[in-house]
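Worksheet for the structure shown next.
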Amino acid sequence: MSGTALDPRTAPTFPMAAHKLMGDTQLRKNVRHATDVIQNKRAKVVGEMPDWQGLREAGKSLREHTMKHLDVYLEQFERNCTAAGGVVHWARNGEEAKRIVIDLVKASGSNEVIKIKSMTTEEIQLNTALEAAGIRPYETDLAELIIQLGKDQPSHIVVPALHKNRQQIREIFQREMNLPDLGNTPQDLADAARLFLREKFLKVKTGVSGANFLIAETGGVCVVESEGNGRMCLTLPETLITIAGIDKVVPRFQDLEVLLQLLPRSATGERMNPYNSVWTGVHPGDGPKAFHVILMDNARTEILADEEGRQTLNCIRCGACQNACPVYRQTGGHAYGSVYAGPIGAILTPQLQEMHHAQTLPYASSLCGACYEVCPVKINIPEVLIHLRNKVVKQNGPFGPEALAMRGMAMIFRSEARFRAAQRFGRMAETPLVRKDGNGEGWIGWLPGLLGGWTQVRDLQEMPKETFRDWWEKRADAKGGKHGN
Amino acid sequence: MATDARTAILSKIRSALGTKATPEAAAAAWAGLPRDYVRVSTGTKSELIERLIDRLHDYDAQVLEVEATDLKAGVAKMLTARGATKMLIPLGLSNALLPEGVDFTVDTGLSAAELDACGGVLTEATLAIAETGSLVLQNVAGQGRRAGSLVPDYHLCVVDVAKVVGTVPEAISALQATAGLATTFISGPSATADIEMTRIKGVHGPRFLDVILVH
Numbered sequence: 001m002s003g004t005a006l007d008p009r010t011a012p013t014f015p016m017a018a019h020k021l022m023g024d025t026q027l028r029k030n031v032r033h034a035t036d037v038i039q040n041k042r043a044k045v046v047g048e049m050p051d052w053q054g055l056r057e058a059g060k061s062l063r064e065h066t067m068k069h070l071d072v073y074l075e076q077f078e079r080n081c082t083a084a085g086g087v088v089h090w091a092r093n094g095e096e097a098k099r100i101v102i103d104l105v106k107a108s109g110s111n112e113v114i115k116i117k118s119m120t121t122e123e124i125q126l127n128t129a130l131e132a133a134g135i136r137p138y139e140t141d142l143a144e145l146i147i148q149l150g151k152d153q154p155s156h157i158v159v160p161a162l163h164k165n166r167q168q169i170r171e172i173f174q175r176e177m178n179l180p181d182l183g184n185t186p187q188d189l190a191d192a193a194r195l196f197l198r199e200k201f202l203k204v205k206t207g208v209s210g211a212n213f214l215i216a217e218t219g220g221v222c223v224v225e226s227e228g229n230g231r232m233c234l235t236l237p238e239t240l241i242t243i244a245g246i247d248k249v250v251p252r253f254q255d256l257e258v259l260l261q262l263l264p265r266s267a268t269g270e271r272m273n274p275y276n277s278v279w280t281g282v283h284p285g286d287g288p289k290a291f292h293v294i295l296m297d298n299a300r301t302e303i304l305a306d307e308e309g310r311q312t313l314n315c316i317r318c319g320a321c322q323n324a325c326p327v328y329r330q331t332g333g334h335a336y337g338s339v340y341a342g343p344i345g346a347i348l349t350p351q352l353q354e355m356h357h358a359q360t361l362p363y364a365s366s367l368c369g370a371c372y373e374v375c376p377v378k379i380n381i382p383e384v385l386i387h388l389r390n391k392v393v394k395q396n397g398p399f400g401p402e403a404l405a406m407r408g409m410a411m412i413f414r415s416e417a418r419f420r421a422a423q424r425f426g427r428m429a430e431t432p433l434v435r436k437d438g439n440g441e442g443w444i445g446w447l448p449g450l451l452g453g454w455t456q457v458r459d460l461q462e463m464p465k466e467t468f469r470d471w472w473e474k475r476a477d478a479k480g481g482k483h484g485n
Numbered sequence: 001m002a003t004d005a006r007t008a009i010l011s012k013i014r015s016a017l018g019t020k021a022t023p024e025a026a027a028a029a030w031a032g033l034p035r036d037y038v039r040v041s042t043g044t045k046s047e048l049i050e051r052l053i054d055r056l057h058d059y060d061a062q063v064l065e066v067e068a069t070d071l072k073a074g075v076a077k078m079l080t081a082r083g084a085t086k087m088l089i090p091l092g093l094s095n096a097l098l099p100e101g102v103d104f105t106v107d108t109g110l111s112a113a114e115l116d117a118c119g120g121v122l123t124e125a126t127l128a129i130a131e132t133g134s135l136v137l138q139n140v141a142g143q144g145r146r147a148g149s150l151v152p153d154y155h156l157c158v159v160d161v162a163k164v165v166g167t168v169p170e171a172i173s174a175l176q177a178t179a180g181l182a183t184t185f186i187s188g189p190s191a192t193a194d195i196e197m198t199r200i201k202g203v204h205g206p207r208f209l210d211v212i213l214v215h
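Chains A and B, in that order, give the protein sequences. Numbered according to full-length UniProt numbering, the first sequence spans residues 1 to 485. Numbered according to full-length UniProt numbering, the second sequence spans residues 1 to 215.
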């Protein structure tokens, strides 16, 4: 996982990528540790809120409401942001968004930008495009800095470098910052990042950010962060460019009373994250003199058009589903081949690809429902996963292996004779594959072809020697009685 | 070009929704959204203050409670304890807060490098939230522009206890009238948990935060 950006169009399928990553015991240990810590912190601060379920319900209704009136709220945001001195741009896709950013950076007279962590810019691989245009992006979030200097890729929405431990981070910093004597406590590493970036904050004239919320009522933008790198990028440059998916809009300032309770507790297990910034257009004498915001679609309207998939857009990017997911906790984020990993990635990524890529992701789940339980806006991820699996099967057409198998099963189940024949055939066909264990029980450790997916990770018990029907019939015969049908 | 994308996106949204929503319909639907959560805290004022102090301590912030008449002495005490000698202050900060013997520089639009040369910053706050231990600063007299409370390494914030609210919803409704101002919620010193989920104080924002509560 080095250098090349996570791109669902070219990534290996989930089972292939996961298989490889499962061999990286250090990565699995790092991911398990980090997700355990966040989950425990989250449980503690969620537990102290007697009204948590009421807040989740409010969050869900609020997000559903927003999506149902998305055009109204986007137009309101545009009007109010413009009135406050901001410039609003619209981008149909990532290519348009990147072109707008590059043009704006060039117009600002800079050939470098400081960046706040933004998954939306990761989604469109903005850094690669900036570099190709001769613009140097500096990631300023500690985790994103680790990723950028290590030529790595983010593996979590909130804590993108959680797959790295302190020794690994130290090696990257020693090499890239030329600090041979760097210590390895987290404090040493954070101090190194502070010094490394301080000079950039003070001198780079253009900042690029994402957004957590766009407030339609006021035209304001809200960014939630911890380190203060966000505030640096939002206040010190002369030009600020914000890229936001059209799903980031919220109706009113008052809605922050729900979202600013749900998000920090779910994301980092804090009652409130250290810094929330809200700004509205340009504030004379305070912060950038020019403010641009790019409202990007990039397939979000396709998701909106699918009534069952639509709830995916309600996501506020807290990452709680990733921490809770038994699959993500084993594989880490890179296996998903997308900057959006874990359960939310399994539903968001294929839809952002309009189901042309990442078709294995809806299957990267045991449907256990842990993600749904922790989701602060109650996105029913298992429901959407099943909906997308259905789409994938339909996409494969009537002659896809799954469709053929299901039709075959239906034919067998429709007739008692065929069902019995299939059982007899199964018992015969399995014979060469069955191995007896110490207790005389038969187990199948390998199945051919597509069925092999099952035996890859578990044994299958052999079929019973006798079915219930056979036994019942024999019993009735032995008693000399009649058996009904 | 930009207009093209705008029209295309809005029309895709409308066709996805099957309707063209109106602002009136949206406003009516918004008013009916469920809000079955705690809006207003029930505790007494002293319970609120106690909770705020508890939360601030949780973030490793030092808290000093003083009577209004002892405010200047309180500021002096905190600055001495931190060894802060060169402090930034925003425009409009009351002189009554400023003890002698400290070099106070008024932020009259200093450059980033000049801000960086200040060891600390002294501000007031619009309000504080007990439940989350948050201070809310806005660009008004006594609080100043956002970079001022960010670049120096130490932040001393003076909060009148009358400005302490219980919950996040109470804070948001108090801020509604001035929602258009640049607003920053500060909950503890700058921090990160990006390395092995260990919370480390102080990355880019002030590494040290103290609060004086004025009764």
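Built from N, CA and C at the ideal position, the CB exists for glycine as well. Please read all numbers here as calculations on a predicted model, not as lab measurements.
Collapsing the DSSP output to three states places residue 37 of chain B in coil. Closer than 8 angstroms to the CB of residue 37 of chain B there is at least one CB belonging to chain A. A Cβ-Cβ contact shorter than 8 angstroms links residue 58 of chain A with residue 33 of chain B. Boundaries of the alpha helix (DSSP H) harbouring residue 57 of chain B: 45-58, taken from the DSSP string.
For residue 137 of chain A, the enclosing beta strand (DSSP E) has its first and last residue at 136-139. At least one beta carbon of chain A lies nearer than 8 angstroms to the beta carbon of residue 204 of chain B.
Within chain B, the residues whose beta carbon sits less than 7 angstroms from that of residue 165 of chain A are 196, listed in sequence order.
In the DSSP assignment, the residues bridged to residue 155 of chain B are B/121, B/209. The beta carbon of residue 181 of chain A does not come within 8 angstroms of any beta carbon belonging to chain B, so the residue lies off that interface. Interface criterion not met: the Cβ of residue 208 of chain B is under 8 angstroms from no Cβ in chain A. For residue 227 of chain A, there is no enclosing alpha helix (DSSP H), as DSSP marks it with neither H nor E. Residue 231 of chain A places its beta carbon less than 8 angstroms from that of residue 205 of chain B. Here residue 206 of chain A is bridged, per DSSP, to A/239. Between residue 74 of chain B and the set B/197, B/8, B/157, the nearest pair of CA atoms involves B/157. Taking C-beta atoms as the reference points, residue 234 of chain A and residue 266 of chain A fail to come closer than 8 angstroms. Linking residue 96 of chain A to residue 147 of chain B through their CA atoms gives a straight-line distance of about 32 angstroms.
Looking at the DSSP output, residue 185 of chain B bridges to A/276, B/136.
For residue 286 of chain A, the secondary structure class from DSSP, reduced to helix, strand or coil, is strand. Beta-bridge partners of residue 128 of chain B (DSSP): B/135, B/164. Taking 8 angstroms as the cut-off, the Cβ atoms of residue 246 of chain A and residue 295 of chain A count as close. Under the three-pair Cβ rule at 8 angstroms, the segment 73-93 of chain A does not count as touching the segment 258-272 of chain A. For residue 82 of chain A, the nearest beta carbon of chain B is not closer than 8 angstroms to its own beta carbon. The Cβ atoms of residue 146 of chain A and residue 102 of chain A lie no closer than 8 angstroms to each other. Residue pairing by DSSP puts residue 291 of chain A in a beta bridge opposite A/240. For residue 112 of chain B, the uninterrupted alpha helix (DSSP H) run begins and ends at 112-116, by DSSP. Beta-bridge analysis with DSSP links residue 114 of chain A to A/138, A/207. Counting C-beta atoms within 10 angstroms of its own C-beta, residue 96 of chain B has fewer than 16 neighbours from the protein chains shown and is therefore classed as exposed. In the displayed model, residue 51 of chain A falls within coil according to three-state DSSP, outside both helix and strand. A direct Cα-to-Cα measurement between residue 92 of chain B and residue 327 of chain A gives close to 55 angstroms.
Look at residue 62 of chain B here: in three-state DSSP terms it is strand. Contacts with chain A (Cβ-Cβ distance below 8 angstroms) from the segment 124-139 of chain B involve 129, 131, 132, 133, 134, 139, listed in chain order. The Cβ-Cβ distance between residue 109 of chain B and residue 285 of chain A falls below 8 angstroms. Counting along the chain, the unbroken alpha helix (DSSP H) around residue 97 of chain A starts and ends at 94-107.
With 16 or more other CB atoms across the displayed protein chains lying within 10 angstroms of its CB, residue 271 of chain A is buried. By the 16-neighbour rule on beta-carbons within 10 angstroms, residue 27 of chain A is buried.
In this structure, DSSP gives residue 22 of chain A a state outside helix and strand, which the three-state scheme calls coil.
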